[in-house]
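For reference, the structure is listed below as structure tokens.
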Amino acid sequence: MEPRQYPQVRVAGGPRERGRQYGEQARERVGRSVEAYARVYEDLAGLSWGEVLALAGTYAGAIERFEPRYLEEMRGLAEGSAQELEAILAINVRTEIMFAAKAREAAAAPRAAEDGQRPQPPGECTSIAALPPVTDSGHTLLAQNWDWLPHTRDTVVVLEAEQDEGPAYVTAVEAGLLAKAGFNARGVAVATNALVSDADAGEVGVPYHMCLRALLDAEHLPAALAALQRARRSSSANYMLAHVSGLAVDVEGMPGDYSGLRLIDPADGLLVHTNHFTTAGVHDVGLWWMPDSPFRLQRARAMLARREGPVTIPLLQTVFADHANHPVGICAHADSRDRPTDQGETIVSLIMDLDEQVMWLADGTPCSAPYRRLDYAGIFGAGV
Numbered sequence: 025m026e027p028r029q030y031p032q033v034r035v036a037g038g039p040r041e042r043g044r045q046y047g048e049q050a051r052e053r054v055g056r057s058v059e060a061y062a063r064v065y066e067d068l069a070g071l072s073w074g075e076v077l078a079l080a081g082t083y084a085g086a087i088e089r090f091e092p093r094y095l096e097e098m099r100g101l102a103e104g105s106a107q108e109l110e111a112i113l114a115i116n117v118r119t120e121i122m123f124a125a126k127a128r129e130a131a132a133a134p135r136a137a138e139d140g141q142r143p144q145p146p147g148e149c150t151s152i153a154a155l156p157p158v159t160d161s162g163h164t165l166l167a168q169n170w171d172w173l174p175h176t177r178d179t180v181v182v183l184e185a186e187q188d189e190g191p192a193y194v195t196a197v198e199a200g201l202l203a204k205a206g207f208n209a210r211g212v213a214v215a216t217n218a219l220v221s222d223a224d225a226g227e228v229g230v231p232y233h234m235c236l237r238a239l240l241d242a243e244h245l246p247a248a249l250a251a252l253q254r255a256r257r258s259s260s261a262n263y264m265l266a267h268v269s270g271l272a273v274d275v276e277g278m279p280g281d282y283s284g285l286r287l288i289d290p291a292d293g294l295l296v297h298t299n300h301f302t303t304a305g306v307h308d309v310g311l312w313w314m315p316d317s318p319f320r321l322q323r324a325r326a327m328l329a330r331r332e333g334p335v336t337i338p339l340l341q342t343v344f345a346d347h348a349n350h351p352v353g354i355c356a357h358a359d360s361r362d363r364p365t366d367q368g369e370t371i372v373s374l375i376m377d378l379d380e381q382v383m384w385l386a387d388g389t390p391c392s393a394p395y396r397r398l399d400y401a402g403i404f405g406a407g408v
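Below, the structure is given as structure tokens:
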């Protein structure tokens, strides 16, 4: 069987035109995303598709106030993919709707336990930054396993964008999303981990994936941090940020304004994060929903700590292919005992070299999918 290879979608121009090009090139995959999330919302949040569309539409104003270009991108995407704007919004606010439902479910956890129910974790992410003092090349590396629902194997695209009004960027996304992990022509990169706190109530504000899109517009790390503070955020999330200059920071965020951000500096040239808060004072629903998270964090740190010599790309590939606590290890695999909407697996593994402007990407679980090299120096030029 031929190995899966996620398609590359290249767009250029203004926001509406880029969105239209994205929708046209990924029309079939956007359609799969919409169909899949109709089922996911019903199973995980108890919402009909009509209810989802109405709820998603309430975020349009907050997005437009935050950055009108992003709503224009989604309008173009809807046109190009022959979908309603609200359907594209529903994909981009999935975190706000689904994780608020999980926070409510967590509040009822004692009663659910009495009924013999247990949290069903669909899996999430493991992120690592390695800075020049510890890498063999002296380069800045940012890397991530992105774990999510198995249907996304049929929806992921690698979105490559040249903007009229901002830096070029590349991001690996579910078709219909504006952004996920990636890096831009100014040497700014982002990896990310979903977090859930009891403050995740689905309050209308700037959605998680709009924050990720804004980070890919940042000219430098101070601008990236400022973007996370520009308006009230709707959701908890972790943002691991790095720059070609050799700087990095991890930002744990709760819904709200700047006061809900907690910064973590690298230790011995490394940052590692999974799906729970590592700073104090948070009622962490993620530990209930994703109990594998602390063990993935411990395992990744241990594998990096016992290395002999510097951090290399092959070492990061080995860490990301690790199966301790299988099937919910760093390299996650779907558990056939769970419902499809409760299953999770590693959908994409990527390692970004910010000096070379290269992304190493595994199209699926990195224990079996080979990493391929995607070189963006030709697109980005000398933009750093």
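Numbering (the working numbering), first residue to last: 25 to 408.
From the three backbone atoms N, C-alpha and C, an ideal C-beta is built for every residue, glycine too.
Being a predicted model, the structure only gives us computed values, none of them experimental.
- In the assembly as shown, GLN32 is an exposed residue. Its beta-carbon has fewer than 16 other beta-carbons within 10 Å.
- Distance from the CA atom of LEU295 to the CA atom of ASP377, rounded to whole angstroms, is 15 Å.
- Proximity to ALA348 across ASP362, GLY310, LEU321 peaks at LEU321, based on C-alpha coordinates.
- By the Cβ test, the segment 344-361 is not in contact with the segment 176-189, since fewer than three Cβ pairs between them sit closer than 8 Å.
- For ASN262, the uninterrupted beta strand (DSSP E) run begins and ends at 261-267, by DSSP.
- With fewer than 16 other beta carbons inside 10 angstroms of its own, LEU287 counts as exposed.
- With respect to the C-alpha of ALA218, the residue from ARG51, ALA238, GLY405, TRP172 having the closest C-alpha is TRP172.
- Membership of LEU95 in the alpha helix (DSSP H) is indicated by the continuous run 92-105.
- Judged by beta-carbon spacing, ARG44 lies within the 8 Å limit of GLU103, meaning their Cβ atoms are closer than that value.
- Checking the DSSP bridge columns, you'll see PHE207 partnered with VAL194, ALA213.
- Within the same chain, and ignoring the five residues on either side of HIS300 in sequence, the residues whose Cβ sits closer than 8 Å to its Cβ are LEU219, ASP308, GLY310, LEU311, MET314, SER317, PRO318, LEU321.
- C-alpha of LEU249 to C-alpha of ALA329: approximately 28 Å in a straight line.
- Annotation: the continuous alpha helix (DSSP H) that includes GLU52 extends over 51-69.
- Membership of MET234 in the alpha helix (DSSP H) is indicated by the continuous run 232-239.
- Leaving aside the five residues that flank TYR30 on each side, the residues in its chain whose CB is nearer than 8 Å to its CB run, in chain order, VAL180, VAL181, VAL182, ALA196, VAL372, LEU385, ASP387.
- If you look at ASN169, you'll find it in the beta strand (DSSP E) that goes 165-172.
- The segment 49-64 makes no contact with the segment 230-242; the number of CB pairs closer than 8 Å stays below 3.
- Non-local C-beta neighbours of ALA114 in its own chain, meaning closer than 7 Å and more than five positions away in sequence, comprise TYR61, VAL76, LEU77, ALA80, ordered along the chain.
- Restricting attention to ARG397, THR176, ASP399, VAL35, the CA atom closest to the CA of GLN49 is found in VAL35.
- A distance below 6 Å between beta-carbons, with the five flanking residues on each side excluded, links GLN253 to the following residues of its chain, in chain order: TYR282.
- The beta-carbon distance between GLY226 and VAL214, rounded to whole angstroms, is 23 Å. This is too long to meet the 8 Å contact definition.
- Looking at the backbone, the Cα of VAL343 and that of VAL275 are separated by about 22 Å.
- Closest by C-alpha distance to PHE404, out of ASP292, PRO290, GLY211, is GLY211.
- When rounded, the separation of the alpha-carbon atoms in ALA153 and TYR94 is 28 Å.
- It is roughly 10 Å from the alpha-carbon of GLU380 to the alpha-carbon of SER161.
- The bridge partners DSSP lists for ASP377 are LEU165, VAL382.
- Each of SER392, LEU71, ALA324, ALA192 was checked against the Cα of TYR400, and the nearest Cα belongs to ALA192.
- Counting only the Cα atoms, ARG237 lies some 23 Å from ARG397.
- Apart from sequence neighbours up to five positions away, the residues of its chain that approach THR159 with a beta-carbon distance below 7 Å are LEU165, PRO334, VAL335, ordered along the chain.
- With contacts defined by Cβ atoms closer than 8 Å, TYR83 and VAL117 form a contacting pair.
- Between ALA209 and the set THR389, LEU271, ALA242, the nearest pair of CA atoms involves ALA242.
- When DSSP states are grouped into helix, strand and coil, GLY226 belongs to the coil group.
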